[in-house]
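Participant: Sharing a structure below in structure tokens format, with a few things to ask.
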Amino acid sequence: MTRRLWARMIRCAFWVLYNPLARIYDWVSWAVSLGHWREWQRAALPELRGRQVLELAFGTGDLLLDLHKAGYHPTGIDLSPAMGRFVQRKLAKVGLALPLVRGRAQQLPFAGASFDSVLCTFPAEFIASAETLHQIARVLCPEGRAVIVAMGKLVSNDPWARLLEWLYRITGQRGPLPDLRPTLELLGLKHRAMWVRVGSSEALLIVIEKKVDVSRALEYTGTYPDVTLYTTR
-16 MTRRLWARMI RCAFWVLYNP LARIYDWVSW AVSLGHWREW QRAALPELRG RQVLELAFGT
44 GDLLLDLHKA GYHPTGIDLS PAMGRFVQRK LAKVGLALPL VRGRAQQLPF AGASFDSVLC
104 TFPAEFIASA ETLHQIARVL CPEGRAVIVA MGKLVSNDPW ARLLEWLYRI TGQRGPLPDL
164 RPTLELLGLK HRAMWVRVGS SEALLIVIEK KVDVSRALEY TGTYPDVTLY TTR
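The opening position of the sequence shown corresponds to residue -16 in my numbering, with each subsequent residue numbered one higher.
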């Protein structure tokens, strides 16, 4: 009961931060990561393929700007209207008008094989949905790749870092992550997980690859397996 209550409280806090308090999201993310948040996000960029990139749950849009500066052609989708408006204003200040869509990852409003890469950083529970993974497989081009930054971890002996990691643990943020393997295997997608060193921290990346012969990933309409759990290190 206590864990479920904690989980509900955390979800509620994230909803408030992501909607009415969207303007302070950048500050909060910087504070809870000791300034590593943006580094954790950018750790995904070397794993991308091609130039057409879809970012799921783009948040405050900083990674969209990074993608544009790096020569990619990013499109963003997010369910929060507050975040959408915030990012539109942020882009307008630098003279950019990138394609932004309000919608759900479980129902992506894009044609099949539209993107070379799909990117998502620090996603909520939606990323473990079989429907989301099916949609990712559908919109990826053959040989395309999805990159998920699942979490960041402070590994220094700094007292503040140890305090934050303790807070992460007692609030359930260091518990098991959803095991995506059953659904990915069902869809014919290859995947790997790896920790990437980022300064005095680490980022956990999940890289999903779509091969040419996985037409079933586009056509599968049957039932999906229940998501099980595995424990992060």
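Note that the Cβ used here is the ideal one computed from N, Cα and C, for glycine as well.
1) Taking the straight line between their C-alpha atoms, what separation do you get for residue 191 and residue 95?
2) Would the segment 161 to 173 and the segment 113 to 120 be scored as touching if the rule is three or more Cβ pairs under 8 Å?
3) Using the Cα positions of residue 109 and residue 27, report the straight-line distance between them to the nearest angstrom.
4) Buried or exposed for residue 173, going by 16 or more other Cβ atoms inside 10 Å?
5) Residue 91 to residue 118, Cα distance in whole Å?
6) Fully enclosed by the segment 47 to 123, which beta strand (DSSP E) runs are 3 residues long or longer?
7) What residue range does the beta strand (DSSP E) around residue 167 cover?
8) Tell me the DSSP secondary structure of residue 149 in three-state form.
9) Can you round the beta-carbon distance between residue 93 and residue 132 to whole angstroms, since I take them to be within the 8 Å contact cut?
10) Relative to the C-alpha of residue 129, which residue among 25, 22, 32, 23 is closest?
11) What is the residue span of the beta strand (DSSP E) that residue 185 lies within?
12) Give the DSSP-derived three-state secondary structure of residue 21 in the structure shown.
13) Leaving out five residues on either side along the sequence, give the residues of the same chain with a beta carbon under 7 Å from the beta carbon of residue 177.
14) What three-state label does DSSP hand residue 28 in the structure shown?
15) Below 8 Å between beta carbons: does that hold for residue 170 and residue 101?
16) To the nearest angstrom, report how far apart residue 22 and residue 194 are at their CA atoms.
17) Output the boundary residues of the beta strand (DSSP E) element that contains residue 176.
Facilitator: According to the data block:
1) 17 Å
2) Cβ pair count under 8 Å is three or more, so yes.
3) 19 Å
4) exposed
5) If I take the Cα positions, the gap works out to 6 Å.
6) Here the runs fully enclosed are 56 to 61, 83 to 85, 98 to 104.
7) No beta strand (DSSP E) holds residue 167; the alpha helix (DSSP H) holding it covers 164 to 169.
8) Low confidence applies to residue 149: its pLDDT is 48, below 50, so where it sits in the model is not reliable, and the reading given next is rough at best. Correct three-state label for residue 149: helix.
9) Actually they do not touch by this definition, with Cβ atoms about 21 Å apart.
10) 32
11) 184 to 192
12) helix
13) 188
14) helix
15) no
16) Rounded to whole angstroms, residue 22 to residue 194 spans 29 Å at the Cα level.
17) 173 to 181
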